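Okay, so the sequence shown: first residue is -11 according to my numbering, each after it adds one.
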Amino acid sequence: MAATGSVVEPERGSPAWWDLRYLSGDIPWDMGIVPPEIERLISLPSVQRGWALDLGCGSGLSSRYLSRQGFRVVGVDLSLSALGRANRAARAEGATAHFIAGDVSDLTFLAIRCTLALDVGCFHAIPSAARPAYVSSLGKLLLPGAHYLLYAFELSPSAEHGSPGVGPRDIAGFAPHFTLRWAQHGMDRERLASWYLLQRV
């Protein structure tokens, strides 16, 4: 914990830090729309319905969308504030999504086999040392042929110290569990960012 005067601030990336972001409304990633990349993926005949994982689900928008598209959904997030929003919205919509507090860098607490996983902005915030465990535990939950859609900020030399990001080595680290199908690069809030579609071998 870092202290500023007499105020103790949560450590960046801790559950309490994410809770403060949601409670303060400082959540620019929560734009209230399902990314079109997700909609396009779900429309493909090759994407089988079954269990789906929404990693770093936040307020559960994508989880609820997947539920409406015929998936049984588990959303995982560190923030209890975000999960409270997700549960309230799911109840209001009648969505059959389940929301669990947990650290996505170790998914061994789950006992499902999935045909789909989403990670829209979570993996890039995980410390580099924990990323291999994320890949390994995710791989064990996905059925052969399952799709995994990842959205992440790219590493940038000019980014603030401690800012999230992934590089080519991180994407290469998904092998041999996953095959990269395509990558789409662009900008998000003045940062380089990319979508990656990978498939479980």
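Note that the Cβ used here is the ideal one computed from N, Cα and C, for glycine as well.
This one's a predicted model, so the numbers in the text were calculated from it and none came from an experiment.
For residue i, collect the residues of the same chain with a Cβ closer than 8 Å to its Cβ; drop the 5 residues on either side in sequence, then sort them by chain order.
i, result
"Arg119", "Ser93, Phe111, Asp158, Gly161"
"Leu131", "Gly38, Arg101, Cys102, Thr103, Arg188"
Pick out whichever of the options has its Cα sitting closest to the Cα of residue i.
i, options, result
"Cys45", "Arg56, Val108, Trp6, Ile114", "Val108"
"Gly174", "Asp7, Trp5, Glu25", "Glu25"
"Ser192", "Ala171, Gly133, Ile21, Arg179", "Because the chain spans -11 through 189 in this model, residue 192 falls outside it and cannot be assessed."
"Trp6", "Leu66, Ala40, Leu54", "Leu66"
"Phe166", "Leu138, Gly155, Val154, Gln172", "Leu138"
"Ala85", "Pro164, Asp14, Ser50", "Ser50"
"Pro164", "Ser124, Leu129, Glu27, Ala117", "Ser124"
"Gly155", "Trp183, Ala4, Ile15", "Trp183"
In three-state DSSP terms, what is residue i?
i, result
"Arg194", "The requested residue 194 does not occur in the structure, where the chain is confined to residues -11 to 189."
"Asp7", "helix"
"Pro132", "strand"
"Ala160", "helix"
"His86", "strand"
"Phe166", "strand"
"Ala105", "strand"
"Arg119", "helix"
"Glu81", "helix"
"Asp76", "This sequence places Arg at residue 76; Asp is not what is there. Helix at Arg76."
Could you tell me the distance, in whole angstroms, from the CA atom of residue i to the CA atom of residue j?
i, j, result
"Ala181", "Gly82", "33 Å"
"Ala140", "Met19", "16 Å"
"Arg169", "Leu186", "5 Å"
"Ala78", "Leu68", "15 Å"
"Gly127", "Ser12", "35 Å"
"Glu(-1)", "Pro33", "43 Å"
"Val(-4)", "Gly58", "44 Å"
"Val61", "Ala80", "16 Å"
"Leu43", "Ser144", "23 Å"
"Phe97", "Arg9", "26 Å"
"Ala89", "Arg179", "28 Å"
"Leu54", "Gly72", "18 Å"
"Leu56", "Ser116", "According to the sequence shown, residue 56 is Arg rather than Leu. So the alpha carbons of these two residues sit roughly 34 Å apart."
Tell me, please, whether the CB atom of residue i is closer than 9 Å to any CB atom in chain B?
i, result
"Gly46", "Given the protein chain composition of this structure (a single chain), no chain B is represented."
Excluding the 5 residues preceding and the 5 following residue i in the sequence, name in chain order all residues of the same chain whose CB lies nearer than 7 Å to its CB.
i, result
"His135", "Leu29, Val35, Leu104, Leu185, Gln187"
"Ala113", "Gly1, Pro152"
"Tyr122", "Val92, Ser93, Phe111, Ile114"
"Arg52", "Ala77, Ala78, Glu81, Ala83, Ala85"
Which one or two residues does DSSP pair with residue i in a beta bridge?
i, result
"Tyr184", "Leu138, Ala171"
"Glu25", "Per DSSP, none; premise fails for Glu25."
"Leu43", "Val64, Asp107"
"Arg179", "Asp176"
"Val154", "Glu142"
Give me, in chain order, the residues of the same chain whose beta-carbon lies closer than 6 Å to that of residue i; leave out the 5 immediate sequence neighbours on both sides.
i, result
"Asp176", "none"
"Asn75", "Phe87"
"Leu41", "Val62, Cys102, Ala105"
"Gln172", "Trp183"
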